[in-house]
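Notes for the one structure printed next.
Residue numbers (our numbering): 22 to 187.
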């Protein structure tokens, strides 16, 4: 009888997860399909280090945007705006996506190390691209149940900051 109790708990837990995932899918789709013009945060290159932002969309859903400067073992005179930066966007308990950009002489020289993890649903397609010398975008398509959403995580150099559009 002990095995039956554990099986019932497991079925209840999986059913609850599927139930709540279904109701959040439509909200995520609405937010990500129609981003508002204010959906940007700014990483201060002069401050550097790790900078984290809690952002909220019009529907009240929260995301965490993290930009982290990778440590450098040597410092050059022009190192203020040069280095590697990791950009991460996370929807708690649903998914997490990140990538790195290399910045040199106020230009994005490379986008790499793309990663995406789906805790619910799955990612259908992933594309990391350097759009121009000052902009890189991680394009993701996420599927949960029957709904498909697009997620774009864009980094753009803007003076002494990196603008992250989510």
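Note that beta-carbon positions come from the ideal geometry of N, C-alpha and C, so glycine has one too.
Check                                                                                       : Outcome
Residue 155 in three-state terms, based on DSSP                                             : coil
Nearest-angstrom beta carbon gap, residue 84 and residue 117 [assumed within contact, 8 Å]  : That belief does not hold up - the Cβ atoms of residue 117 and residue 84 are roughly 10 Å apart, past 8 Å.
From 154, 70, 145 and 129, residue whose alpha carbon lies closest to that of residue 162   : 145
Nearest-angstrom Cα separation, counted from residue 140 out to residue 164                 : 11 Å
Residue range of the beta strand (DSSP E) that includes residue 90                          : 83 to 90
Straight-line gap, residue 129 to residue 172 (C-alpha atoms, nearest Å)                    : 21 Å
Boundaries of the beta strand (DSSP E) in which residue 178 is found, first to last residue : 168 to 179
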